[in-house]
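So the sequence shown is residues 4 to 140, counted in the numbering used here.
Where a beta carbon is used, it is the ideal one built from N, C-alpha and C, also for glycine.
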Amino acid sequence: MVECGGLENRCTARYRGFESLLLCKSLKLKKSNFFKDVYDVVRLIPKGRVTSYGAIAKYLGITKSARVVGWAMKSSHNNKSIPAHRVVNRNGVLTGKHNFIDKKMDKLLMEEGIEIKNNQIINFKEVFWNPINELKL
């Protein structure tokens, strides 16, 4: 669950029964432990595989918060250790592609052998990596 508002523009995200407070300053979110958890999962996605924002949220115990994962991914683009290009929407569409500056998302995925047509992964079911099945809590 994510709530935003108030004079201080506070955002809260609840996951795994804990509440994490994110303070927004100048429209930039301060990274919380939740962002770190998202990045830890994303770093485990193997080359040539992709996952979705929702799959990461579900793995972290916040099933209905794929958008919060999206915020974390948007904040990760300055960190080259996070393969953000491997996170797409639930239908295999490259929805985060506008956040890539240096190299295009589709180019990075194609370099890993993933087929893309019209900003969508062709063989999405075959290359989908589900952290719930692949990782043990």
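Let me check one thing: in DSSP terms, what residues is Ser142 bridge-paired to?
Any property of residue 142 remains undetermined from this structure, which presents the chain solely from 4 to 140.
CB of Ala58 within 9 Å of CB of Val71, strictly:
no
Quick test of your reading: Glu46 and Ile85, contact by CB under 8 Å. State the CB separation rounded to the nearest angstrom.
Looking at the sequence shown, residue 46 is not Glu but Arg. Right, their Cβ atoms sit about 6 Å apart.
Count the other CB atoms within 10 Å of the CB of His88; is the residue buried (16 or more) or exposed (fewer)?
buried
Report the residue from Asn82, Phe37 and Ile48 whose alpha carbon sits nearest the alpha carbon of Asn133.
Ile48
List the residues that DSSP assigns as beta-bridge partners of Lys120.
Gln123
Can you tell me which residues form a DSSP beta bridge with Phe131?
Val53
Roughly how many angstroms lie between the CA atoms of Ile124 and Glu114, to the nearest whole one?
13 Å
In the DSSP assignment, find the unbroken alpha helix (DSSP H) run with Leu138 in it and report its ends.
Leu138 -> no alpha helix (DSSP H), and no H or E assigned at all.
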